[in-house]
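Read the structure below first, then the notes.
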Amino acid sequence: MTDPLLVSIDDGLAHLTLNRPERLNAFNADLARAWEKATVDITSRSDVGAILIDGAGPGFCAGGDVIDMATTMGSPSDLEELAHTINRGIRALTESSIPVVAAVHGVTAGGGLGVLLSSDYVVAAAGARIGSRYANIGLTPDLSVTAQLSRAVGTRRALQLVLSDRMLTAEEAQCWGLVAEVVRGEGYATRAHAVARSWLDGAASAYGEAKRLIRSSCSRSFADQLDEEARTIAASFGTDEARDRINAFLQAKTERATRGS
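Quick note on numbering: this note's numbering labels position 260 of the sequence shown as 261, and the sequence is numbered without any gaps.
Following this line, the structure appears as structure tokens:
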């Protein structure tokens with residue numbers, strides 16, 4: 002049996018590949034359980050500094066496997082449990098201080114949009130298409146779409162997407178703020194990998210804490226967020242990583258001044 006989720010960890014980079022290409026990587030129970038286990042395990046590891054998510058085959062993720070829902074789920078509670086299982090993985094990603102990049106191609110729809118929104122940086126292939134499409138099969142958004150979409154694009158645009166069958170092009174998604182970069186050809190995967198590596202090669206803990214501050218800001222008052230920012234920058238100032246980088250910055254500045262005198 003083919004693994005529904007491929008997982009590898011190499012030199013600090015965790016790579017997750019949704020691997021049900023014959024179903025456009027739509028979630029069934031097996032993929033949901035593998036997703037939950039992998040994301041919860043990876044986000045608890047101290048040796049992982051970046052996460053890359055992509056999809057095998059012709060698309061990124063089509064959400065839930067409607068055929069599987071219709072043939073194997075005996076009651077609405079079965080679908081609810083499936084959603085809870087996937088959501089535990091989505092929470093692990095969004096609540097973690099590990100930055101996540103998604104390499105998106107082909108179709109992203111339904112719950113796949115929730116997976117995209119749970120990534121902190123999205124690189125899309127030029128031919129990618131992104132939408133909601135829940136209402137096409139009489140269902141409502143899940144997998145964090147209603148929680149995260151309006152924060153990403155604003156209430157009006159979120160409503161435009163979920164109240165229609167519109168599929169955004171990669172360029173439109175970039176204009177809306179859902180996608181950071183659009184890359185032509187197969188270079189999107191290479192670029193996403195380079196983004197992840199740049200986090201690992203840079204100030205990895207600072208990137209992670211910056212992500213945490215922004216992701217968690219909606220749960221705090223403005224005053225509490227300012228306090229959390231102050232505590233976090235003070236803590237980062239005391240790390241070896243910050244001291245080394247500040248010293249390197251000062252040394253480079255001194256050398257430039259010496260050359261200019």
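Note that the Cβ used here is the ideal one computed from N, Cα and C, for glycine as well.
With 16 other Cβ atoms within 10 Å as the buried cut-off, status of residue i
i: P100; result: buried
i: C219; result: exposed
i: R21; result: buried
i: N248; result: exposed
i: T40; result: buried
i: A27; result: buried
i: Q252; result: exposed
i: I43; result: buried
i: F61; result: buried
i: P142; result: buried
i: T73; result: exposed
i: R24; result: buried
i: K212; result: buried
i: D166; result: exposed
i: S78; result: exposed
i: D11; result: exposed
Helix, strand or coil at residue i [DSSP, three-state]
i: E172; result: helix
i: H106; result: coil
i: D11; result: strand
i: A129; result: coil
i: G65; result: strand
i: T240; result: coil
i: L160; result: helix
i: L6; result: strand
i: T141; result: coil
i: L25; result: coil
i: D166; result: coil
Distance between beta carbons of residue j and residue i, contact taken as under 8 angstroms
i: S1; j: I87; result: Here the chain comprises residues numbered 2 to 262, so residue 1 is not present and cannot be evaluated.
i: V123; j: L53; result: That belief does not hold up - the Cβ atoms of V123 and L53 are roughly 11 angstroms apart, past 8 angstroms.
i: A171; j: A129; result: 4 angstroms
i: A110; j: S145; result: The pair is not a contact, with the Cβ atoms about 15 angstroms apart (cut-off 8 angstroms).
i: R158; j: W177; result: 6 angstroms
Span of the beta strand (DSSP E), counted from its first residue to its last, around residue i
i: T40; result: No beta strand (DSSP E) holds T40; the alpha helix (DSSP H) holding it covers 30-44.
i: I54; result: 51-56
Delimiting residues of the alpha helix (DSSP H) encompassing residue i
i: S189; result: In the sequence under discussion, the amino acid at residue 189 is Tyr, which differs from the Ser named in the question. It spans 188-202 - the alpha helix (DSSP H) in which Y189 sits, taken as one unbroken run.
i: E82; result: 77-96
i: E182; result: First-last for E182: 182-184, but that is the beta strand (DSSP E), not the alpha helix (DSSP H).
i: A205; result: 205-217
i: G113; result: 112-118
i: L179; result: Element bounds for L179: n/a, residue is neither H nor E.
One or two residues paired with residue i in a DSSP bridge
i: Y135; result: Beta-bridge pairing links Y135 to no other residue.
i: T233; result: BP columns for T233 are empty, so no partner.
i: T18; result: L7, D55
i: V101; result: I52
i: V124; result: A104, E182
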